[in-house]
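What follows is a set of notes on a single structure, which appears directly below.
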Amino acid sequence: MRGRAQYSMELKLKVVKEYEEGHKNTREIREEYGIPDSTLWGWINKYRAEGESAFEPKLRAGDFIVDPTKIPPVLYKEIGLGKIKKDPKELKGVLNEIEKYKLIIAEKELEIRLLKEALKKTGKG
């Protein structure tokens, strides 16, 4: 059983531009890169709708706290988020990767606490 093929952001953008600029048709692209027809058309449609940023990785809901100011102060102290930057888009570099992971941990801690409270209220916890 084969898994889904993973294509780089650069390749997606390259092949879509080759098609959009008229350098190659979809058959030529599929044969050269081994990309299924439905996948290629999905990329083309996504590019037409979103432009250059269509294939950039996006944060998924629940994977990252977008607004660190929403973290309860108690968690800030417990996890050591006191010096974190206000805007997650500014988090770059090795040290700031640590801040990103601290935010993810804070989010999971909050989620756990909320689930525990919900269990207590239902009498199952």
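Offset between the sequence shown (1-based) and our numbering: plus 61.
Idealized CB from N, CA, C, for every residue including glycine.
Note that the coordinates shown come from a computational prediction; the quantities given were computed from them, not determined experimentally.
When the Cα atoms are used, residue 78 and residue 96 turn out to be separated by approximately 15 Å. In summary, residue 102 is exposed, with fewer than 16 beta-carbon neighbours lying within 10 Å of its beta-carbon over all protein chains present. When only Cα atoms are considered, residue 106 and residue 163 end up about 36 Å apart. Counted as a single uninterrupted DSSP element, the alpha helix (DSSP H) harbouring residue 73 occupies residues 70–81. Residue environment analysis places residue 90 among the buried positions, since at least 16 neighbouring C-beta atoms fall within 10 angstroms of its C-beta. In this structure, DSSP gives residue 117 a state outside helix and strand, which the three-state scheme calls coil.
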